[in-house]
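As structure tokens, the structure follows; a few thoughts come after it.
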Amino acid sequence: MAKIVVVTSGKGGVGKTTSSAAIGAGLARAGHRTAIVDFDVGLRNLDLIMGLERRVVYDFVNVINEEATLNQALIRDKRVDNLFILAASQTRDKDALTDDGVERVLTEMSKDFDYIVCDSPAGIERGALMAMYFADEAIVVTNPEVSSVRDSDRVLGILSSKTRRAANGQPKVREHLLLTRYSPARVQRGEMLSVEDVKEILAIDLLGVIPESQSVLTASNAGVPVILEEESDAGQAYQDAVARFLGEERPHRFVSNEKKGLFGRLFGS
Amino acid sequence: MSQARASNPVLEFKGRLMTLTILRLLDSSVEVLARELDRRVKEAPAFFRHLPVIIDVGEVASSDLHEDLPGLVELLRTRDLVPVAIRGGDARWAEAADAAGLSVYAAERDPVARRQAPVEDDAAPAAAAAPASTAEPVVERTGGLVVTQPVRSGQQIYARGGDLVLLAQVSPGAEVLADGHIHCYGTLNGRALAGVRGDTEARIFCQSFRADLVSIAGIYSISEQFDEALTGKPVSVSLHGDTLRIERL
Ligand SMILES: Nc1ncnc2c1ncn2[C@@H]1O[C@H](COP(=O)(O)OP(=O)(O)OP(=O)(O)O)[C@@H](O)[C@H]1O
Ligand SMILES: [Mg+2]
């Protein structure tokens, strides 16, 4: 039985898709059979970030509508073993994701995979609720600013009350905070909330802090999940986050504003 | 999965607890009321703008003011208030309200009569701005509610008929209400309303005070009015006459 992990945020553009790709790839590299499912119907950019857009033949909606089988629609990543993508449709709207359809597809996938990572659309509307509904674990992606933190708080309320686990009275969805686009320099100047501020407001476990980094943009333009860029600060931060997700303890890096050494100047942001 | 989730709803009716302002009429002359209203609105125009109100006619029910109800409604509307219903009065009043496009809140819905009648989900628990009622608070206390999870932004929790005990935080944008006391052992952000059915003895206690609004029996105070020295401190909020007292614990 797969664990279903939703990557969600409420606010748009905070790094959900970037994180879904990185964490999905990280889990697969750790030997877990992993699928990343794009719930952002109509926009479809997971496959772009993963560099797979030209290999999409069938998508999530085709499988829901039984126009294709799961095996036809799942795209196998050529760089990372055990990693598969189920793309979103570009031509449909969010109503194409029916409750029963989504449940059926996730149930079928659960038999074959260890992890199913659901990349949620922004907002707290139907598409986002659907991505959250079946989750066992949630990675709440938050930027260090007030509006993003407020939206994450709202999403945490929904996770505790409007998911399958809540409806069935099962143990609650396990919540992880992933703080992204973090800039220690801007925190020091008082332009952003600090890690401590955000932890205090949201009061959930900190899975990782991903620094604001040029390497994210470079990697996504190249169609490579940034976690595969071993030398980059963001890539390393995602590696730490995946290790913590799998139970390892690691100190948080990239949270303070120390001077960059030669290495940092060459490879950092 | 349930049918309700499977269909794609275009509208939804939801029972919600809202704090509503009650405008009690204590004089049956439209002129006198108009003058007083103007004076009040001038004091705090922003507060009154688009404020939904229930007109409580209990005190003037025996007068002929109901004949002037359309005029009174017009008067309120031109001052940017939004009358939504009347409360109290007899059949003559109900008819006048109907003609003026207002609904009628039966007098049974006020705290006194609730002793006999169980409360419904759609009942408005309190009048935020006005002292809810001069009647004795007679809300029956039952068990109370203990909440272990944080109350998140956009969520609302109401302990009907008792105390509300919050073991974790209340987030900004959340609202907690109780007929009795509210105890919060985490940080209290958002809005906290105790004694919402008129219990003036109800109190609010919290470990770390960062609320946007606190209210007891309809008397409320907002963060601008709080003493800054109390921010983040353990406090208790209690009602003394018409004033809220916020003190360090
Ligand atoms: N750590 C980071 N450093 C710098 N840029 C980042 C970082 N994380 C994400 N970005 C950039 O932010 C933008 C939004 O990222 P992404 O698409 O992952 O967000 P999203 O939450 O999925 O957005 P949406 O809500 O639209 O689905 C992208 O341009 C991405 O390259
Ligand atoms: Mg996205």
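Protein sequence lines correspond, in order, to chains A and B.
In terms of the numbering used here, the first sequence has 253 at position 253, counting the first letter as 1, and numbering is strictly consecutive.
In terms of the numbering used here, the second sequence has 26 at position 26, counting the first letter as 1, and numbering is strictly consecutive.
Glycine residues also receive a C-beta, built at the ideal position from the N, C-alpha and C atoms.
In this structure, does DSSP put residue 236 of chain A in helix, strand or coil? DSSP places residue 236 of chain A in the helix class (H, G or I) of the three-state scheme.
For residue 77 of chain A versus residue 2 of chain A, is the C-beta distance shorter than 9 Å? For residue 77 of chain A and residue 2 of chain A, no; Cβs fall outside 9 Å.
Where residue 87 of chain B falls: helix, strand or coil (DSSP): The three-state secondary structure of residue 87 of chain B, taken from DSSP, is strand.
Does the beta-carbon distance from residue 106 of chain A to residue 24 of chain A come in below 9 Å? No. Outside cutoff.
Are residue 152 of chain A and residue 202 of chain A closer than 9 Å when you measure CB to CB? Taking 9 Å as the Cβ cut-off, residue 152 of chain A and residue 202 of chain A qualify as a contacting pair.
Just list the residues that DSSP pairs residue 182 of chain A with in beta bridges. Under the DSSP definition of a beta bridge, residue 182 of chain A partners with A:211.
Determine which residues share a DSSP beta bridge with residue 66 of chain B and list them. Bridge pairing for residue 66 of chain B: absent [DSSP].
Where does residue 229 of chain B fall in DSSP's three states? In the structure shown, residue 229 of chain B adopts helical secondary structure according to DSSP, grouped into three states.
Please name the residue, chosen from B:211, B:167 and B:28, that lies closest to residue 223 of chain B on a Cα-to-Cα basis. Residue 223 of chain B has its Cα closest to that of B:211, out of B:211, B:167 and B:28.
In whole angstroms, what separates the C-alpha of residue 8 of chain B from that of residue 161 of chain B? Looking at the two C-alpha atoms, the distance is approximately 35 Å.
In whole angstroms, what separates the C-alpha of residue 250 of chain A from that of residue 221 of chain B? One C-alpha to the other measures close to 46 Å.
Measuring only the C-alpha atoms, how far is residue 226 of chain B from residue 240 of chain A? About 44 Å.
With hydrogens ignored, establish whether the beta-carbon of residue 70 of chain A is closer than 8 Å to any heavy atom of ligand 2. If you check the C-beta of residue 70 of chain A against ligand 2, you find no heavy atom less than 8 Å away.
Roughly how many angstroms lie between the CA atoms of residue 166 of chain B and residue 13 of chain A, to the nearest whole one? Distance between the alpha carbons of residue 166 of chain B and residue 13 of chain A is about 33 Å.
Short CB-CB distance (under 9 Å) between residue 138 of chain B and chain A: Bear in mind that a pLDDT of 43 at residue 138 of chain B, under 50, signals an unreliable position, so the model cannot answer this.
Less than 9 Å between CB atoms is the rule here; does residue 203 of chain A satisfy it with respect to chain B? Yes, its Cβ sits closer than 9 Å to a Cβ of chain B.
Candidates A:102, A:219 and A:229: which alpha carbon is nearest residue 41 of chain A's? Closest by alpha carbon: A:102.
I'd like to know if the segment 147–156 of chain B and the segment 150–168 of chain A are in contact, where contact means that at least 3 CB-CB pairs between them fall below 8 Å. Short answer: they touch.
How about residue 83 of chain B and residue 104 of chain B: do their beta carbons lie closer than 9 Å? Going by C-beta atoms, residue 83 of chain B is not nearer than 9 Å to residue 104 of chain B.
Taking 9 Å as the CB-CB cut-off, is residue 154 of chain A touching chain B? Chain B contact via Cβ: present.
May I ask whether a heavy atom of ligand 2 can be found less than 8 Å away from the beta carbon of residue 17 of chain A? Yes, ligand 2 has a heavy atom inside 8 Å of this Cβ.
Verify the CB distance criterion: does residue 119 of chain B have a CB-CB separation below 9 Å to chain A? Here the model assigns residue 119 of chain B a pLDDT of 31, short of 50, so the residue's position is not dependable and the matter cannot be decided.
Go ahead and label residue 91 of chain A buried or exposed: buried means 16 or more other beta carbons lie within 10 angstroms of its beta carbon, across all protein chains shown. Looking at its Cβ environment, which holds fewer than 16 other Cβ atoms inside 10 Å, residue 91 of chain A is exposed.
Less than 8 Å separating the Cβ of residue 129 of chain A from some heavy atom of ligand 1? No, Cβ of residue 129 of chain A sits at least 8 Å from all heavy atoms of ligand 1.
With C-beta atoms as the reference, is residue 214 of chain B less than 9 Å away from residue 191 of chain B? Contact: yes.
What residues from chain B crowd round residue 157 of chain A, counting only those whose CB sits closer than 7 Å? Within chain B, the residues near residue 157 of chain A are 152, 153, 154 and 155.
Limits of the unbroken beta strand (DSSP E) element including residue 274 of chain A: Residue coverage of chain A in this structure runs from 1 to 269, which leaves residue 274 of chain A outside it and unanswerable.
With distances taken from CA atoms, which of B:28, B:39, B:157 and B:56 is nearest residue 170 of chain B? For the residues B:28, B:39, B:157 and B:56, the minimum Cα distance to residue 170 of chain B belongs to B:157.
Over the uninterrupted alpha helix (DSSP H) stretch that includes residue 200 of chain A, give me the two end residues. Counting along the chain, the alpha helix (DSSP H) containing residue 200 of chain A begins and ends at 195–202.
Residue 147 of chain A versus chain B: which residues are under 7 Å apart at the beta carbon? Annotation: residue 147 of chain A has no Cβ neighbours in chain B at a cutoff of 7 Å; minimum Cβ distance is about 11 Å.
Return yes when the C-beta of residue 170 of chain A is under 8 Å from any heavy atom of ligand 4, and no when it is not. Within the structure as shown, ligand 4 is missing, the only ligands being ligand 1 and ligand 2.
Just to check, is the beta-carbon of residue 122 of chain A closer than 8 Å to a non-hydrogen atom of ligand 2? Yes.
So residue 297 of chain A contacts chain B; which residues on that side make the cut at Cβ distance below 7 Å? Lying outside 1 to 269, the shown extent of chain A, residue 297 of chain A is not represented and no answer is given.
Please report how far the alpha carbon of residue 60 of chain A lies from the alpha carbon of residue 232 of chain A, in whole angstroms. Rounded to whole angstroms, the separation of the alpha carbons of residue 232 of chain A and residue 60 of chain A is 32 Å.
Would a check of beta-carbon distances place residue 88 of chain B closer than 9 Å to chain A? By this cut-off, residue 88 of chain B is not an interface position.
Less than 8 Å between C-beta atoms, sequence neighbours within five positions excluded: which residues of the same chain meet that for residue 51 of chain A? Excluding residues within five positions, the ones whose Cβ falls inside 8 Å are 222, 223 and 224.
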